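Below: the structure, in structure tokens.
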Amino acid sequence: MIGRWIREHLVLMLGLVVLAYTFIPIAVVVLMSFNDPASRNVYRFDAFTLDNWTDPCAAEGMCAALGKSIEIGLLATLGATVLGTLAAFALVRYDFLGRSSTNLLIFLPMASPEIVMGSSLLALFVASGFAGQLGFWTILIAHVMFCLSFVVVTVRSRLAGFDDSLEQAAMDLYATPAQTFWRVTFPLVFPGILGAALLSFSLSFDDFIITNLNAGTTTTFPMYVWGAAQRGVPMQVNVVGTVMLVISMVIVVSGEVASRRRTAKLT
Amino acid sequence: MTRRTGAVGYLLLLPTALWLILFFVVPFYSLLATSLYDPAGSDFRGYEMTYAWGNYVDVVQAYWQPMLRALWYGGLATVFCLVLGYVLAYTIAFKVGRWKNLMLVLVIAPFFTSFLLRTLSWKLILADDGIVVDTLQFLHLLGEDGRLLATPIAVVAGLTYNFLPFMVLPLFASIDKIDHRLIEASSDLYANPVVGFFKVTWPLSLPGVVSGTLLTFIPASGDFINAQLLGSPNQRMVGGVIQSLFTDANDYPAAAALSMILMVGIVAMVLVYVRRAGTEELL
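Sequence lines, in order, name chains A and B. Each residue of the first sequence is one higher than the last, beginning at 42 in my numbering. Each residue of the second sequence is one higher than the last, beginning at 38 in my numbering.
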């Protein structure tokens, strides 16, 4: 009996074990956000405290770096989402010359190692005389660049599974092209755009390798963590990690719930 | 859906194409140019273009070890990701029923906590007086003064962990498309589950295996964060060398030459893949 049950559920159990494994470090991040370390040089759990949560900015320079990351993240998300959405519409809805080189142009940034993209951008900035101006704007340019492809792919897959008979129906009912777009097309594609924006923000917020090469003296949150890792990490960074995780989980789960409700209403 | 023709398509595509050409393609030209500068130049004196192809010979001689190490660690991590990722993707596609979406969210959830923080967590988990080392020592799998940090094991483990979602998502997309009746048919024809897997499921999931392998191997072999935080200088990978040549040593020509070698290798791999699968499969 038991042997048979185990045989039938072996794959499922192994799968759940693998999934659990991916959560071990996350659990450590959450745990360490409540840590009161005995010394800055030893990274282990010593005593429970809420201090990191009540005063996250106590870690010197962290909140400034965090603010910079959020600012860059929002702007890069806005830029990449708008441009990438337009491109996704072009790829799905329009015919044009050079389709396969365009596909390659959009794919390659996702397949290139960050160190190569970062170093070639730096080479460009240095060669064109911007070596002294590395900072906010060069980081922003880089972030829009590497987020773009992910936006195109995400929105494109939403558009490709799109039933265009709905649009034809709207047109048959005398909706103008603009009305059709804003009342039918856009609401249907919106979840894809929102997903792309969320993905862009987390890619931008989390990027270290490309940013570090093109940042000059500007410090973002990952750069702050990297710098701190050399001399001992303040526990407050784990508070930021935990908050990021919770916020994104809430957004993703509520999106899922909303789409289930909509489906339920339609059927 | 029929595709419309006309100028609107080009206009919609233009900003993205321009941005990528200006800030992704053109930089490779700058990188190539930089890699051929006179190696005697510096930030202060400026660089001179001397078509110094010798830079490439120099960096290969100086850094062949971190280069091979990057291939080796990246390759090992990819194999481990394939094994773990296959089990997970198969479970999500076939074994969890209506929990599929939730499971997929859980797979990418770790993505939303900083990459650096996750890697630092591994440093804590694998620490010398941590639970993993203590357990392995108790089981005599690790000697009394054996350790995991600052060994290749820790670096490969970190890489495997950090790039697992890149493997799971394409694998899932492929496995999820497999018609379950084909697997049932193989068992009706007296194939045992193992034979059925290797004759039916595995071949049908190959597109996912190939793109997952590519998407895992490329970032893993270029990464230096894991090698730096979990390893020692003996585990330095080529990405770390490029980074420190750029930011610490300011040896731009050498750094650019190493970067070019890495990129050419990657592009070659992508092209082989594109020839087999076509560009529409990429996205």
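In this text, a Cβ means the ideal position worked out from N, Cα and C, and glycines have one as well. Computed from a predicted model, the values in this text were never measured in an experiment.
From V304 (chain B) to V192 (chain A), what does the alpha carbon distance come to, in whole angstroms?
For V304 (chain B) and V192 (chain A), the distance between alpha carbons rounds to 22 Å.
Note down the Cα distance separating V266 (chain A) from A216 (chain A), rounded to an integer number of angstroms.
53 Å
Does DSSP put N229 (chain B) in a helix, a strand or coil?
coil
Identify every residue that forms a DSSP beta bridge with F89 (chain A).
A:N76
Note down the Cα distance separating L185 (chain B) from I65 (chain A), rounded to an integer number of angstroms.
17 Å
What are the complete alpha helix (DSSP H) segments, minimum 4 residues, inside the region 115-179 of chain B?
137-145, 152-162 and 168-175
Indicate whether M300 (chain B) and V157 (chain A) have their beta-carbon atoms separated by less than 8 Å.
yes
Take T226 (chain A) and list the residues in its own chain whose beta-carbon comes closer than 7 Å to its own, dropping the five residues that flank it on each side.
E208
Anything in chain A within Cβ reach of I220 (chain B), meaning under 7 Å, just list it in chain order.
Within 7 Å Cβ-Cβ: nothing; I220 (chain B) doesn't reach chain A, min ~12 Å.
Just the chain E side, please: which residues come within less than 9 Å of A146 (chain B) by C-beta, in chain order?
The chain labelled as chain E is not found among the protein chains of the depicted structure, namely A and B.
Suppose the cutoff is 6 Å on Cβ atoms and the five residues either side in sequence are ignored; what does the same chain contact list for V193 (chain B) look like?
Y110, L113 and A114
Kindly provide the ranges of any alpha helix (DSSP H) runs that are 4 or more residues long and lie completely inside the region 275-318 of chain B, ordered along the chain.
275-284 and 289-314
Out of A:R134, A:G296, A:F246 and A:N255, which one is the CA nearest neighbour of K109 (chain A)?
A:F246
Below 8 Å between beta carbons: does that hold for I182 (chain A) and A256 (chain A)?
no
Mind listing the chain A neighbours of G259 (chain B)? Cutoff is C-beta to C-beta under 9 Å, in chain order.
S153, P154, E155, I156, V157 and I250
Can you look up M276 (chain A) in the DSSP assignment and give me helix, strand or coil?
M276 (chain A): coil per DSSP, three-state reduction.
Relative to the alpha-carbon of T156 (chain B), which residue among B:L176, B:I298 and B:D260 has its alpha-carbon at the smallest distance?
The option with the nearest alpha carbon to T156 (chain B) is B:D260.
Here's the rule I'm using: 16 or more other beta-carbon atoms within 10 Å means buried, otherwise exposed. How should W56 (chain B) be labelled?
buried
Does DSSP put Y74 (chain B) in a helix, a strand or coil?
strand
Does Y88 (chain B) come out as helix, strand or coil in the three-state DSSP assignment?
Secondary structure at Y88 (chain B): coil, using DSSP grouped into helix, strand and coil.
Quick one: grab the DSSP three-state call for Y215 (chain A).
coil
Pop quiz: L196 (chain B) and V59 (chain A) are said to be a contact at Cβ under 8 Å. What is the actual Cβ separation, rounded to whole angstroms?
Incorrect: roughly 16 Å between the Cβ atoms, too far for contact.
Is there a Cβ of chain A sitting closer than 8 Å to that of A293 (chain B), yes or no?
Yes, contact with chain A.
Go through its chain and collect everything with a Cβ distance to A286 (chain B)'s Cβ below 7 Å, but skip five positions before and after it.
none
Could you tell me which of A:L239, A:Y135, A:V291 and A:T258 sits nearest to I111 (chain A), measuring between CA atoms?
A:L239
Which residues, in order along the region 216-248 of chain A, keep a beta-carbon less than 7 Å from a beta-carbon of chain B?
S243 and D247
If we ignore side chains and look at the alpha-carbon of each, how far apart do A264 (chain B) and G277 (chain B) end up?
Inter-residue distance for A264 (chain B) and G277 (chain B) is about 8 Å (C-alpha atoms, whole angstroms).
Residues of chain A with a CB under 8 Å from the CB of L52 (chain B): which are they?
Correcting the residue type first, residue 52 (chain B) is Pro in the shown sequence and not Leu. Going along chain A in sequence order, the residues near P52 (chain B) (Cβ under 8 Å) are L124, L127 and A128.
What's the gap between the Cα of T90 (chain A) and the Cα of L72 (chain A)?
11 Å
Kindly indicate which three-state DSSP category R40 (chain B) falls into: helix, strand or coil?
coil
Please state if the CB of A131 (chain A) and the CB of G46 (chain B) are separated by a distance shorter than 8 Å.
Taking 8 Å as the cut-off, the Cβ atoms of G46 (chain B) and A131 (chain A) count as close.
What separation, rounded to the nearest whole angstrom, lies between the Cα atoms of L178 (chain B) and I190 (chain B)?
13 Å
Is there a Cβ from chain B that is less than 8 Å from the Cβ of D136 (chain A)?
yes
So, is N144 (chain A) buried or exposed, given that buried needs 16 or more other C-beta atoms within 10 angstroms?
buried
Checking contacts by CB at 8 Å: is L108 (chain B) closer than that to chain A?
no
Just to confirm my understanding: we take I234 (chain A), look at its own chain, exclude 5 residues before and 5 after, and list those with CB closer than 7 Å. What are they?
Within the same chain, and ignoring the five residues on either side of I234 (chain A) in sequence, the residues whose Cβ sits closer than 7 Å to its Cβ are T122, T126 and V196.
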